[in-house]
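As structure tokens, then:
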């Protein structure tokens, strides 16, 4: 499985997308790329997220687990609802209605800048 997350750790890869698999870790500037993830599941370590929500220091506690992550040049794709994660605001992945979507699986998610969206299927 592949893990995709937005890196908030200080250093040269601050505010970049991280893609990690069993063999490598790569970073991408959100202003330069679009990442298309298939069979994507929203993962969250809720016990850590709750501590952060209550004021503890941030640490890695959420990512997107997917079967593939294709990195392409920045393009506009048809998307629907936004998926958000900020444990200071809510200790869960949330949709654009504010509903808890931890553990939800999507056939395709895409990044647009720093955001994650469900990719619309075009027939």
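Residue numbers (this note's numbering): 293 to 415.
Using N, Cα and C, we set each Cβ at its ideal position, and we do this for glycine too.
* Asked: Can a CB atom of chain D be found closer than 8 Å to the CB of residue 372?
  -> Among the chains of the structure shown, chain D does not appear; only one protein chain is present.
* Please report the residue range of the beta strand (DSSP E) in which residue 315 lies. => Translated into the one-based positions of the chain shown, residue 315 becomes position 23. Run containing residue 315: none; DSSP gives neither H nor E here.
* To do: Please classify residue 307: is it buried, with 16 or more other beta-carbons within 10 angstroms of its beta-carbon, or exposed?
  => By one-based count along the chain shown, residue 307 stands at place 15. By the neighbour-count rule (16 or more Cβ atoms within 10 Å), residue 307 is not buried but exposed.
* Segment contact, 8 Å Cβ cut-off, at least three pairs: the region 311 to 319 with the region 332 to 350 -> Output reads no: the region 332 to 350 does not touch the region 311 to 319.
* **Sequence-distant residues of the same chain with beta carbon closer than 7 Å to residue 298, five excluded per side** => Working through the chain shown from its first residue, we reach residue 298 at position 6. Within the same chain, Cβ atoms closer than 7 Å to the Cβ of residue 298 are found at 309, 406, the five residues on either side in sequence being excluded.
* Anyone know if the C-beta pair for residue 371 and residue 411 falls short of 8 Å? -> The residue labelled residue 371 in the question sits at position 79 within the chain shown. The residue labelled residue 411 in the question sits at position 119 within the chain shown. In contact: residue 371 and residue 411 (Cβ atoms closer than 8 Å).
* **CA-to-CA distance, residue 380 to residue 323, given in whole angstroms** => Within the chain shown, numbered from 1, the residue matching residue 323 stands at position 31. Within the chain shown, numbered from 1, the residue matching residue 380 stands at position 88. Their backbone Cα atoms lie some 24 Å apart in a straight line.
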